[in-house]
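Numbering (the working numbering), first residue to last: 2 to 352. Working notes, beginning with the structure itself.
What follows is the structure in structure tokens.
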């Protein structure tokens, strides 16, 4: 490089280069300390759009998304003490045909029985073969004639059968769109099994616990207390015309003063939603019952470990948020609870 010709020019040139070198050193060193500078900011996204993105994911995992029913009840044990050998052999024979791929033959063998073992087996098999309407008819006929007898029995196998029969009756009513218009019908088919389950599992039943099959045999497939509560909440949401007496409603909404006073918005947002909705006469009643049962779940378990239940509770909270009639604090707490349920549903589904 050719330098300027005069000494003065040389001085100015060197002086300028020195200044540039110092500036490069100072600012370059500062940039190295800070590392790469990435422009950050908050990208606002509407609740509606965020919900749609999430729905797209859930649709892949759970096609035809709606409030989701828990699976059908597991098949009962065959080797149950106290049941006539002929009934057990008949049921086993039907299962052998089912396992060989001949459901129709299994159905013929099980049909017409007056004992809960073949009836429950037929109902479960029919549901698995998408014959829900047939299964519901069989079960309704059986329960009409035998419900009171089972209800009053002290035998462990009968009590367990009552839970599974009631669970399947509720499952089939929801599945076929024949919802529950009154308190007695829904209570008998979906709430009673929850009460009877306390003979087998520890209170409170809102914690996820396995309910033994009739006969107590082991197996990977289990009916759980979460499944009972999941379908109960779904039944309330689906039953748009649900009605109960004011006394029943007040009992459902009651929470002890010590319980209410000890909770914060962040811990139990649904409790604060209940406090506003329960005295109201301007809201569909099914909505209150769904929320009170969801709140009962959170009362005992802040993080339910069940994907279907997580998604149903998330959808329920979505509906509450979209109503927009809660305080800012409650809305914020509901959003936080929804985010927790979303993460749990992803985690539990993936595992």
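By construction, the Cβ of each residue, glycine as well, lies at the ideal position given by its N, Cα and C atoms. These figures come from a predicted structure and were not determined experimentally.
- Relative to residue 223, the option among 315, 164 and 144 whose CA is nearest is 164.
- For residue 321, the secondary structure class from DSSP, reduced to helix, strand or coil, is helix.
- Separation of residue 147 and residue 116 (C-alpha to C-alpha, rounded to the nearest whole angstrom) is 9 angstroms.
- Separation of residue 85 and residue 119 (C-alpha to C-alpha, rounded to the nearest whole angstrom) is 12 angstroms.
- In the three-state DSSP reduction, residue 225 falls in the strand class (E or B).
- By the neighbour-count criterion, in which 16 or more other beta carbons inside 10 Å mark a residue as buried, residue 87 falls on the exposed side.
- Take residue 347, set aside five residues on each side of it, and no residue of its chain has a beta-carbon closer than 6 angstroms to its own.
- CA-to-CA, the gap between residue 297 and residue 158 works out to about 28 angstroms.
- Segment contact: the stretch 229 to 237 against the stretch 75 to 82, fewer than three CB-CB distances shorter than 8 angstroms; contact not assigned.
- Under the 8 angstroms Cβ criterion, the stretch 268 to 282 counts as touching the stretch 298 to 318, having at least three qualifying pairs.
- The Cβ atoms of residue 333 and residue 318 do not sit closer than 8 angstroms to each other.
- Put simply, of 79, 220, 211 and 321 the residue whose alpha carbon is nearest the alpha carbon of residue 201 is 211.
- Taken in chain order, the unbroken stretches of alpha helix (DSSP H) that lie wholly in the stretch 114 to 191 and span 4 residues or more are 117 to 129, 133 to 153, 157 to 176 and 184 to 187.
- Annotation for residue 287: the continuous alpha helix (DSSP H) segment containing it runs 286 to 301.
- The beta-bridge partner set that DSSP reports for residue 204 is empty.
- Residue nearest to residue 162 within the set 143, 177 and 176 is 143 (criterion: CA-CA distance).
- Contact check for residue 273 and residue 331: beta-carbon distance about 5 angstroms, within the 8 angstroms limit, so the pair qualifies.
- By the CB criterion at 8 angstroms, residue 170 and residue 123 fall outside the cutoff.
- Per DSSP, residue 69 is not a residue of any alpha helix (DSSP H), being assigned neither H nor E.
- The three-state secondary structure of residue 234, taken from DSSP, is helix.
- Linking residue 289 to residue 246 through their CA atoms gives a straight-line distance of about 13 angstroms.
- If you compare the alpha carbons of 326, 125, 294 and 218 with that of residue 252, the shortest gap goes to 294.
- In the displayed model, residue 211 falls within a strand according to three-state DSSP.
- If you ignore the 5 residues before and after residue 199, its C-beta comes within less than 8 angstroms of the C-beta of 206, all in its own chain and listed in chain order.
- Judged by DSSP in its simplified three-state form, residue 82 adopts coil rather than helix or strand.
- Its Cα nearest to that of residue 285, the residue 240 stands out among 240, 93, 112 and 229.
- In this structure, the straight-line span from the alpha carbon of residue 125 to that of residue 258 is close to 43 angstroms.
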